[in-house]
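>
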Amino acid sequence: MSLRNSVFALLALSVLCGLAEGTAGSFGLVMQKPFDVVSSLLFMLIGYLWYRQDAQARQYRGSSLLGGAIIMASVLAIPYYLAKSRPSEQRGKAIGSFIGLVLLAATSAGIAAVLADLLRAS
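According to the numbering used here, the sequence shown is numbered sequentially starting from 7.
1) Please report the straight-line C-alpha distance between Val44 and Lys90, rounded to a whole angstrom.
2) Identify whether Thr113 lies in helix, strand or coil by the three-state DSSP scheme.
3) Does the distance from the CB of Ala118 to the CB of Val13 come in under 7 Å?
4) For Leu55 and chain D, any beta-carbon pair shorter than 7 Å?
5) Please tell me whether Ile52 and Ala15 are closer than 7 Å, where the distance is taken between their beta carbons.
6) In this structure, does DSSP put Ser128 in helix, strand or coil?
7) Where does Leu88 land, buried or exposed, given buried means 16+ other C-beta within 10 angstroms?
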């Protein structure tokens, strides 16, 4: 999965999660829990697919432990991977871009949740 496709998929999934959270009052927890599980699995899959393609493109041979960490603890493992796989002059930009993406995804989800809640309330 290319970087562009990964970013788009991550942001789209973040907005969907926000919308689901904002409408949870009308669907109740019965609908919310399965969605949470599926969305979590999709977030893990997107991160891992991006990691595999990026590692192959950079000819970086990551360990099985790193691959598992990308799935289970992406917020910690991806900056580690970026630091190890990039030349020293590109590390800061790559890690900063990742942090920006995480913040953008969280903001997008929050805005979508507020909008969905406002629409549900009216």
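Glycine included, every Cβ here is placed at the ideal spot set by N, Cα and C. Predicted model only: the values in this text are computed from it and were never measured.
Let me lay it out:
1) 30 Å
2) helix
3) no
4) Chain labels in this structure do not include chain D; a single protein chain is all it has.
5) yes
6) coil
7) buried
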